[in-house]
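Protein chains in written order, with this note's numbering: chain A, 1 to 297; chain B, 298 to 362. To start, the structure itself, in structure tokens.
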């Protein structure tokens, strides 16, 4: 990567930031709709299935889809992209962040603080909570680890960031919800065994695998540390919207306040800046970001 | 503190309880619904016992898979 001093003034960080800011203003209504919508659909599956209006296997498919859509709305909330710095709207971040994660059975506070550390220490073996997933050796191994839960080393990061009071407080704040997500399926499964398995537990696993593979593994595999080097543009056979546009994850790491659905335009606008910074693959970004592929083969 | 004790217990024995309660309930429901053993008395012992065993092995191994 070129040092800042070697970058032409027209591609300065200040100018890059100003362009990024222009894509960081819009109210992210689509993501709120997706987050609250998928949670509402998931919740409605229970009475529909239990009362025989919907086949359990159809419910399983719908619940799994909901689980795959569950993380991203929370991710926007984690970055405060609904409130946009307005303290009066902070409740909206919390509301969407918490509710959308019901499907995945994850406490919002823990995901928020660990995600902030992921941004601060991306690819740092000791301090990046996503490191084990992002730098695994193959997709099957990522899947195995997610199913096993062995990469969720929350206790480890509680030790690593023990001196960070905000981190520790948020972690403790999440404990009641974490306990609820541990105990609720154990109670439900006694009363509704198949429904608990196929409407909640298995879809949550599928959603976690999907999220980890596309949000954590593919965007970071093979990357190093440094602002312009810790994430990559990548290609995939899937249309961009099926992998939640995670091919554009690079721009999110650069400017997390850019709304998810505004990232394609931001990538187009910032392309010359990224080329100037020698971002790997940036010269392959098409003039117009299409559904797929993002990068030309 | 109660919460702390509960968390420690879950951390140490969570896999066993998950095996016993969660897997046990699923196995029990499957045996009752899908097998020739459905009418057998005390079939739940087999179901919950299998779940507990799997959970206990996972606890010893420190991993499910």
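Glycine included, C-beta positions come from ideal geometry on N, C-alpha and C.
1. Do we get a CB-CB distance below 8 angstroms when we pair residue 148 of chain A with the residues of chain C?
2. Taking buried to mean at least 16 other C-beta atoms within 10 Å of its own C-beta, is residue 191 of chain A buried or exposed?
3. When DSSP labels each residue in this structure, what does residue 126 of chain A get in the three-state scheme?
4. Can you tell me whether residue 300 of chain B is buried or exposed? The criterion is at least 16 other CB atoms within 10 Å of its CB, across all chains shown.
5. Tell me the rounded alpha-carbon separation between residue 353 of chain B and residue 201 of chain A.
6. Can you tell me the Cα-Cα spacing of residue 311 of chain B and residue 350 of chain B, whole angstroms?
7. Taking residue 345 of chain A as the reference, which of A/82, A/217, A/67, A/227 has the closest Cα?
8. In whole angstroms, what separates the C-alpha of residue 348 of chain B from that of residue 321 of chain B?
9. Short of 6 angstroms in beta carbon distance, which residues of its chain neighbour residue 146 of chain A, apart from the five on each side in sequence? Order them along the chain.
10. Curious, which full-length alpha helix (DSSP H) runs of at least 4 residues does the stretch 121 to 178 of chain A contain?
11. Mark residue 357 of chain B as exposed unless 16 or more other C-beta atoms lie within 10 angstroms of its C-beta, in which case mark it buried.
12. Between which two residues does the alpha helix (DSSP H) harbouring residue 42 of chain A extend?
13. Are the CB atoms of residue 260 of chain A and residue 72 of chain A within a distance shorter than 8 angstroms?
14. Can you list, in chain order, the residues of its chain with a C-beta nearer than 7 angstroms to that of residue 98 of chain A? Leave out the 5 residues immediately preceding and following it.
15. Quick check: the Cα distance between residue 297 of chain A and residue 234 of chain A, rounded to an integer number of angstroms?
16. Does the structure place the stretch 25 to 42 of chain A close enough to the stretch 277 to 290 of chain A that three or more beta carbon pairs sit under 8 angstroms?
17. Does the Cβ of residue 91 of chain A have 16 or more other Cβ atoms within 10 Å, making it buried, or fewer, making it exposed?
18. Pick helix, strand or coil for residue 83 of chain A, following the three-state DSSP scheme.
19. Between B/327, B/336, B/337, B/298, which has its C-alpha nearest residue 189 of chain A's C-alpha?
20. Indicate whether the contact test is met: 3 or more Cβ pairs, each with one atom in the stretch 262 to 274 of chain A and one in the stretch 126 to 142 of chain A, closer than 8 angstroms.
21. What did DSSP end up calling residue 55 of chain A once you bin it into helix, strand or coil?
22. Along the chain, where does the alpha helix (DSSP H) containing residue 259 of chain A start, and where does it finish?
23. Let's test the definition: count the other Cβ atoms within 10 Å of the Cβ of residue 172 of chain A and tell me whether it reaches 16, buried, or not, exposed.
24. Just tell me which of A/225, A/11, A/275, A/194 has its CA closest to the CA of residue 49 of chain A.
25. Please name the residue, chosen from A/290, A/271, A/258, that lies closest to residue 26 of chain A on a Cα-to-Cα basis.
26. To the nearest angstrom, how far is the alpha carbon of residue 330 of chain B from that of residue 84 of chain A?
27. Rounded to whole angstroms, how far is the Cβ of residue 20 of chain A from the Cβ of residue 276 of chain A, which I believe are closer than 8 angstroms?
28. Would you say residue 206 of chain A faces chain B, with C-beta separation under 8 angstroms as the test?
29. Roughly how many angstroms lie between the CA atoms of residue 309 of chain B and residue 106 of chain A, to the nearest whole one?
30. Check whether the Cβ atoms of residue 122 of chain A and residue 67 of chain A lie closer than 8 angstroms to each other.
31. Any residues in the stretch 177 to 190 of chain A with a beta carbon nearer than 8 angstroms to a beta carbon of chain B? Which ones, in chain order?
32. Which residues of chain A have a Cβ atom closer than 7 angstroms to the Cβ of residue 322 of chain B, listed in chain order?
33. Given a limit of 8 angstroms on CB to CB distance, which residues of the stretch 125 to 157 of chain A reach chain B?
34. Helix, strand or coil: how does DSSP classify residue 290 of chain A here?
For this structure:
1. Any reference to chain C falls outside this structure, whose protein chains are A and B.
2. As a position in the first chain, residue 191 of chain A is number 191, starting the count at 1. That one is exposed.
3. On the first chain, residue 126 of chain A is found 126 positions in, with the first residue counted as 1. Residue state, collapsed to three classes: coil.
4. Position 3 of the second chain, counted from the first residue, corresponds to residue 300 of chain B. Counting Cβ neighbours within 10 Å, residue 300 of chain B comes out exposed, since fewer than 16 surround it.
5. Working through the second chain from its first residue, we reach residue 353 of chain B at position 56. Working through the first chain from its first residue, we reach residue 201 of chain A at position 201. Their backbone Cα atoms lie some 20 angstroms apart in a straight line.
6. Residue 311 of chain B sits at position 14 when you count from the first residue of the second chain. Residue 350 of chain B sits at position 53 when you count from the first residue of the second chain. For residue 311 of chain B and residue 350 of chain B, the distance between alpha carbons rounds to 13 angstroms.
7. Lying outside 1 to 297, the shown extent of chain A, residue 345 of chain A is not represented and no answer is given.
8. Position 51 of the second chain, counted from the start, is the residue given in the question as residue 348 of chain B. Position 24 of the second chain, counted from the start, is the residue given in the question as residue 321 of chain B. Answer to the nearest angstrom: the Cα atoms are 4 angstroms apart.
9. Looking up residue 146 of chain A in the first chain gives position 146. Counting only Cβ-Cβ distances below 6 angstroms, and skipping sequence neighbours, we find 208, 209, 212.
10. 131 to 134, 139 to 148, 154 to 160, 165 to 173
11. Position 60 of the second chain holds residue 357 of chain B. Under this definition residue 357 of chain B is an exposed residue.
12. Taking the first chain and counting its residues from 1, one reaches residue 42 of chain A at position 42. Unbroken alpha helix (DSSP H) run through residue 42 of chain A: 29 to 50.
13. For this step, residue 72 of chain A is matched to residue 72 along the first chain. For this step, residue 260 of chain A is matched to residue 260 along the first chain. Going by C-beta atoms, residue 72 of chain A is nearer than 8 angstroms to residue 260 of chain A.
14. Taking the first chain and counting its residues from 1, the one referred to as residue 98 of chain A is at position 98. The answer, listed in chain order, is 108.
15. The count along the first chain starts at 1 and reaches residue 297 of chain A at position 297. The count along the first chain starts at 1 and reaches residue 234 of chain A at position 234. Residue confidence is low: residue 297 of chain A scores 42 on pLDDT, short of 50, so the model does not pin down where it sits. No coordinate-derived value is stated.
16. Segments in contact, no.
17. Residue mapping note: residue 91 of chain A aligns to position 91 of the first chain, counting from 1. So residue 91 of chain A ends up on the exposed side.
18. In the first chain, the residue the question calls residue 83 of chain A occupies position 83. In this structure, residue 83 of chain A counts as coil in the three-state DSSP scheme.
19. Taking the first residue of the first chain as position 1, residue 189 of chain A is located at position 189. The option with the nearest alpha carbon to residue 189 of chain A is B/327.
20. no
21. As a position in the first chain, residue 55 of chain A is number 55, starting the count at 1. Correct three-state label for residue 55 of chain A: coil.
22. On the first chain, residue 259 of chain A is found 259 positions in, with the first residue counted as 1. Counted as a single uninterrupted DSSP element, the stretch harbouring residue 259 of chain A is not any alpha helix (DSSP H), since DSSP gives it neither H nor E.
23. What you label residue 172 of chain A is simply residue 172 of the first chain in a count that begins at 1. By the C-beta density criterion, residue 172 of chain A is exposed, having fewer than 16 other C-beta atoms within 10 angstroms.
24. By one-based count along the first chain, residue 49 of chain A stands at place 49. Of A/225, A/11, A/275, A/194, the residue nearest in Cα terms is A/194.
25. One-based indexing of the first chain puts residue 26 of chain A at position 26. Looking at the Cα atoms, A/258 is the closest of the given residues.
26. Position 33 of the second chain, counted from the start, is the residue given in the question as residue 330 of chain B. Position 84 of the first chain, counted from the start, is the residue given in the question as residue 84 of chain A. Answer to the nearest angstrom: the Cα atoms are 52 angstroms apart.
27. Here residue 20 of chain A corresponds to residue number 20 of the first chain, with the count starting at 1. Here residue 276 of chain A corresponds to residue number 276 of the first chain, with the count starting at 1. Not really, about 15 angstroms apart at Cβ, beyond 8 angstroms.
28. As a working mapping, residue 206 of chain A is identified with position 206 in the first chain. No, its Cβ sits nowhere closer than 8 angstroms to a Cβ of chain B.
29. Position 12 of the second chain, counting from 1, holds the residue named residue 309 of chain B. Position 106 of the first chain, counting from 1, holds the residue named residue 106 of chain A. Taking the straight line joining both Cα atoms gives about 20 angstroms.
30. To locate residue 122 of chain A, count along the first chain from 1; it is residue 122. To locate residue 67 of chain A, count along the first chain from 1; it is residue 67. No, the Cβ-Cβ distance between residue 122 of chain A and residue 67 of chain A is not below 8 angstroms.
31. 179, 182, 185, 186, 189, 190
32. The sequence position of residue 322 of chain B within the second chain is 25, counting from 1. Neighbours of residue 322 of chain B on chain A, chain order: 189, 190, 193.
33. Close to chain B, meaning a Cβ-Cβ distance shorter than 8 angstroms, are the following residues of the stretch 125 to 157 of chain A: 144, 147, 148, 149, 150, 155.
34. As a working note, residue 290 of chain A is residue 290 in the first chain. Of the three classes helix, strand and coil, the one that applies to residue 290 of chain A here is coil, per DSSP.
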